[in-house]
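Visitor: Note that the protein sequences, when read in sequence, are chains A and B. Sequential numbering of the first sequence, starting at 5, is according to this note's numbering. Sequential numbering of the second sequence, starting at 221, is according to this note's numbering. Just dropping this structure here.
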Amino acid sequence: KQEVTQIPAALSVPEGENLVLNCSFTDSAIYNLQWFRQDPGKGLTSLLLIQSSQREQTSGRLNASLDKSSGRSTLYIAASQPGDSATYLCAVEMGGYQKVTFGIGTKLQVIP
Amino acid sequence: ETGVTQTPRHLVMGMTNKKSLKCEQHLGHNAMYWYKQSAKKPLELMFVYNFKEQTENNSVPSRFSPECPNSSHLFLHLHTLQPEDSALYLCASSPSSGADTQYFGPGTRLTVL
């Protein structure tokens, strides 16, 4: 059974800092990995999706990397802003059958 | 806005009530999903529908009954729920294949008394 772990559970940083969020998964036979953002009381917004054959994806100040063999992914946020405050969720999909397993998330607070 | 809407946004019900959650997507997608998000737990996949056919039932108790009348609408019928079923219920959609991003609705916050 796939298990997804996210470390740290919570993170507080001053505005402007670069930061890294970590995600690890137990079964490396994944189809893809996705990072989401969730604001309090709201649904999820997809940030980046990395296919199993890819090593990284970039969107603006966000960069996600994937090391499938070691079961790890990182989400790098450059020059953090207060608007980045949210919970960041990592999710892996197995076998292309839309069976997605989520981590519990990292709650990020960026202090002005 | 993601193009996925959910109603109601908040619902309080007793254990003997019957209620339904509704999800609608305006994206032309062919796959729709129900997820449960409980406090301090990972998001749990409940059901997956592809082209109106259920392709995944993740060992969900029968007191949750999904319905997908067409590719744009998804319902979750609730009856005789338990207090531990209180959670945020999220609907999502995707074009259909496993390589696609899922687009999430805002969720329904359900409280079972």
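From the three backbone atoms N, C-alpha and C, an ideal C-beta is built for every residue, glycine too. Computed from a predicted model, the values in this text were never measured in an experiment.
Following the continuous beta strand (DSSP E) through R76(A), name the residue where it begins and the one where it ends.
Guide: Working through the first sequence from its first residue, we reach residue 76(A) at position 72. Segment 76 to 81, the beta strand (DSSP E) holding R76(A).
Visitor: Where does V114(A) land, buried or exposed, given buried means 16+ other C-beta within 10 angstroms?
Guide: Here residue 114(A) refers to the residue found at position 110 when the first sequence is read from its first residue. Per the 10 Å Cβ criterion, buried.
Visitor: Using the Cα positions of L112(A) and R59(A), report the straight-line distance between them to the nearest angstrom.
Guide: Working through the first sequence from its first residue, we reach residue 112(A) at position 108. Working through the first sequence from its first residue, we reach residue 59(A) at position 55. Cα to Cα, L112(A) sits roughly 24 Å from R59(A).
Visitor: DSSP three-state label for E304(B), please.
Guide: For the purposes of this step, residue 304(B) is taken as the residue at position 84 of the second sequence. In this structure, E304(B) counts as helix in the three-state DSSP scheme.
Visitor: Using beta-carbon positions only, say whether N75(A) and S16(A) come within less than 7 Å of one another.
Guide: Translated into the one-based positions of the first sequence, residue 75(A) becomes position 71. Translated into the one-based positions of the first sequence, residue 16(A) becomes position 12. With the sequence shown as reference, residue 75(A) is identified as Gly, and Asn is not the correct amino acid for it. No, they are not a contact pair.
Visitor: Given this structure, state the Cα-to-Cα distance separating N290(B) from L23(A), to the nearest angstrom.
Guide: As a working note, residue 290(B) is residue 70 in the second sequence. As a working note, residue 23(A) is residue 19 in the first sequence. Distance between the alpha carbons of N290(B) and L23(A): 43 Å.
Visitor: Can you say whether R41(A) is buried or exposed, counting buried as having 16 or more other CB atoms within 10 angstroms of its CB?
Guide: In the first sequence, counting from the first residue as 1, residue 41(A) sits at position 37. So R41(A) counts as buried.
Visitor: Cβ of A312(B) within 7 Å of Cβ of K256(B)?
Guide: Looking up residue 312(B) in the second sequence gives position 92. Looking up residue 256(B) in the second sequence gives position 36. Cβ distance not < 7 Å, so A312(B) and K256(B) don't count as in contact.
Visitor: State the Cα-Cα distance for the pair D43(A) and A90(A), rounded to the nearest angstrom.
Guide: Locating residue 43(A) in the first sequence gives position 39, where the first residue counts as 1. Locating residue 90(A) in the first sequence gives position 86, where the first residue counts as 1. Cα-Cα distance, rounded: 5 Å.
Visitor: G234(B) touches chain A at which residues, Cβ-Cβ below 9 Å?
Guide: Along the second sequence, one-based indexing puts residue 234(B) at 14. The contacting residues do not exist; G234(B) stays about 23 Å from chain A at best.
Visitor: Starting from D71(A), trace the beta strand (DSSP E) both ways and give me its first and last residue.
Guide: Within the first sequence, residue 71(A) is the residue found at index 67, counting from 1. Its beta strand (DSSP E) spans residues 66 to 71.
Visitor: When DSSP labels each residue in this structure, what does P315(B) get in the three-state scheme?
Guide: Walking along the second sequence from the start, residue 315(B) turns up at place 95. Note: P315(B) maps to coil in three-state DSSP.
Visitor: Give, in chain order, every residue of the region 249 to 272 of chain B whose Cβ lies closer than 9 Å to some Cβ of chain A.
Guide: Per Cβ criterion, the list reads A251, Y253, Y255, Q257, K260, K261, P262, L263, E264, L265, V268, N270.
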